[in-house]
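Scroll down for the structure; my scribbles are underneath it.
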Amino acid sequence: MRQHEEIKEDIIKFLNLCITYSEGSLNRKAKRLARLSEEDKIEMAKNEIKKWESYKQFTEHTIKELLKGDLDEWIENLNNPDFKPIP
31 MRQHEEIKED IIKFLNLCIT YSEGSLNRKA KRLARLSEED KIEMAKNEIK KWESYKQFTE
91 HTIKELLKGD LDEWIENLNN PDFKPIP
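So the sequence shown is residues 31 to 117, counted in the working numbering.
Here it is in structure tokens:
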């Protein structure tokens, strides 16, 4: 079984890839938004951008928590079906 630090590092690498992808997606969506002229499509595009911004912020926050050790208990219990994180 892999050590939880190795697992945590892999999760962080994965989440960083998610952030890189979301940044590219946000750039594409912003360019698309700049070309739109219909008000309803503009609103839809803005809402989609907001969703991706929230996703990116949440992912960045998760990485910070992983680096600080705040989620170590979660990593240690990945294979424990009885573990339920409590807010």
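Glycine residues also receive a C-beta, built at the ideal position from the N, C-alpha and C atoms.
C-beta contact flag for residue i and residue j at 9 Å
i      : j     : result
Ile105 : Lys38 : yes
Lys86  : Leu56 : yes
Contacting residues, own chain, Cβ-Cβ under 6 Å from residue i (five flanking each side not counted)
i     : result
Ile79 : Lys59
Cys48 : Thr89
Cβ neighbours of residue i in the same chain (closer than 7 Å, five flanking residues each side left out)
i      : result
His91  : none
Asn110 : none
Arg62  : Ala75
Same chain, Cβ closer than 8 Å to residue i, neighbours up to 5 away in sequence not counted
i     : result
His34 : Asp102, Ile105, Glu106
Glu95 : Leu101
Burial state of residue i, where buried means 16 or more other Cβ atoms lie within 10 Å
i      : result
Ile72  : exposed
Ile116 : exposed
Contact test: residue i Cβ vs the ligand NAP heavy atom, cutoff 8 Å
i     : result
Asn46 : By its list of ligands, the structure shown contains no ligand whatsoever, and the ligand NAP lies outside what it can speak to.
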